[in-house]
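Undergrad:
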């Protein structure tokens, strides 16, 4: 590794550490237990998990789990890229190191898992229904 490359890499690492510390400080200041918006984010994490637990078809749980995991991974990568490029941000977070944990881990992934379960049960077209749901939820 050249000296210039090593110097730039150290600068990137230092800046990333400073950014991480700034995010943790922001989280400590604005994501407190006495803030209603923090509890809304917590509810966005917990309520879909409870709904999934009560409504999942146990005979197809492995299939639905793999579908949800796949959706979660793709959503997390896309979301992480959007955050890094500055396209969007989340002002209220459950954990400072996982800025959109409630949104991608629970809310969106479980919604698509339930849509997939419904399409399996009623033999409907998953792609049309998922596309319609996406347009409905993410329109601007």
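In this note's numbering, the protein residues as written are 47 to 186.
All C-beta atoms, glycine included, are put in the ideal place defined by N, C-alpha and C.
Decide if residue 140 is buried, meaning its Cβ has at least 16 other Cβ atoms within 10 Å, or exposed.
TA: The residue in question, residue 140, is buried, as its Cβ has 16 or more Cβ neighbours within 10 Å.
Undergrad: Just the C-alpha distance for residue 226 and residue 62, rounded to the nearest angstrom, thanks.
TA: Beyond the ends of the chain as shown, which are 47 and 186, falls residue 226; an answer cannot be given.
Undergrad: Count the C-beta pairs between the stretch 53-60 and the stretch 111-126 that are closer than 8 Å, then say yes if the count reaches three, no if not.
TA: No contact exists between the stretch 53-60 and the stretch 111-126.
Undergrad: Measuring CA to CA, which of 170, 153 and 138 is closest to residue 83?
TA: Closest option to residue 83, Cα to Cα, is 138.
Undergrad: If you draw a straight line from the alpha carbon of residue 142 to that of residue 70, how long is it in whole angstroms?
TA: Roughly 6 Å separates the two Cα atoms.
Undergrad: When the distance is taken between beta carbons, is residue 117 closer than 9 Å to residue 155?
TA: Yes. Within cutoff.
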